[in-house]
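Colleague:
In mature numbering (1 follows the signal peptide of the UniProt record, and there is no 0), the protein residues as written are -22 to -1, 1 to 202.
#1: Terminal residues of the continuous beta strand (DSSP E) containing residue 140?
#2: Hey, could you find the ends of the beta strand (DSSP E) residue 200 is sitting in?
#3: Got a sec: is the Cβ-Cβ distance from residue -14 to anything in chain C below 7 Å?
#4: Spatial neighbours of residue 194 within its chain, please: C-beta separation below 6 Å, excluding the five flanking residues on both sides.
#5: Using only alpha-carbon positions, find the residue among 191, 175 and 166 that is nearest to residue 111.
#6: Could you pull out every residue in the same chain whose Cβ sits closer than 8 Å to the Cβ of residue 178, ignoring the five residues on either side in sequence?
#7: Sort out for me which residues DSSP pairs residue 126 with in a bridge.
#8: Give me the DSSP bridge partner(s) of residue 150.
#9: Note down, in chain order, each residue of its chain lying with its Cβ closer than 6 Å to the Cβ of residue 124, except the 5 sequence neighbours on either side.
#10: CB residue 185 to CB residue 135, shorter than 7 Å?
#11: Within 10 angstroms of its Cβ, does residue 199 collect 16 or more other Cβ (buried), or is it exposed?
#12: At the level of alpha carbons, what is the spacing between residue 202 and residue 171?
#13: With burial defined as no fewer than 16 other Cβ atoms inside 10 Å of the residue's Cβ, what is the status of residue 189: buried or exposed?
#14: With distances taken Cα to Cα, identify the nearest neighbour of residue 173 among 116, 117, 131 and 118.
#15: How far does the beta strand (DSSP E) with residue 164 in it reach, from first residue to last?
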């Protein structure tokens, strides 16, 4: 009888031990599965992040940097046809090497520029010169020129190119703009006119010989 009880107790202990071992194995398997699942999730997340970063990089390829001449924060793209040898995020556009927020803009052949195209910021294409005939005499004509700023930014300075067609009657026949001392054949804003605000106009005028308005073109704009 005692031997039978001993055998039953031994069997019970062995059974309990097997159950405990099985639970440990299952728990280990579950932990391994969970760990594998977490590793897989982390890897997928990292891959997704890398893809997103690549997309952002592609999307912002034409964002200006300090090493590029086109700077969104202060001035227009100064690159002209054939320039841009540094190779930073350039794109070809109508024979212009434009970058950043710039695009090719055809110039009038009558200007003093050595090229017929250059790169200008897209915002500046919303800035126009609108001539109006004000008065005329036998040999002279008066014109007003409205600078229309249809862009979202203020104009800090504008450089308007002219040629021999701007034959002023005398040195007092130009107002609200002045001839630049540092740039040849360029009109600039006078000192008393600091800015041309966004979505506003500024008018200057001149009296010249002949009946036709002078050939004027925007060569450069500094935006705030």
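No residue lacks a Cβ here, since even glycine has one placed at the ideal position from N, Cα and C.
Modeller: In terms of the structure at hand:
#1: Note, residue 140: beta strand (DSSP E), 133 to 140.
#2: 194 to 201 is the extent of the beta strand (DSSP E) around residue 200.
#3: Of the chains in the structure shown, none is chain C; there is only one protein chain.
#4: Closer than 6 Å at Cβ, skipping near neighbours: 107, 138 and 140.
#5: Ranking the options by Cα distance to residue 111, first place goes to 191.
#6: Result list for residue 178: 127, in chain order.
#7: DSSP lists 106 and 179 as partners of residue 126.
#8: Under DSSP, no beta-bridge partner is assigned to residue 150.
#9: Counting only Cβ-Cβ distances below 6 Å, and skipping sequence neighbours, we find 108, 179 and 181.
#10: Taking 7 Å as the Cβ cut-off, residue 185 and residue 135 do not qualify as a contacting pair.
#11: A residue is called buried once 16 or more other Cβ atoms fall within 10 Å of its Cβ, and residue 199 is buried on that count.
#12: Using only the alpha carbons, I get a separation of about 14 Å.
#13: That one is exposed.
#14: Taking residue 173 as reference, the option from 116, 117, 131 and 118 with the minimal CA-CA separation is 131.
#15: Residue 164 -> beta strand (DSSP E) spans 164 to 166.
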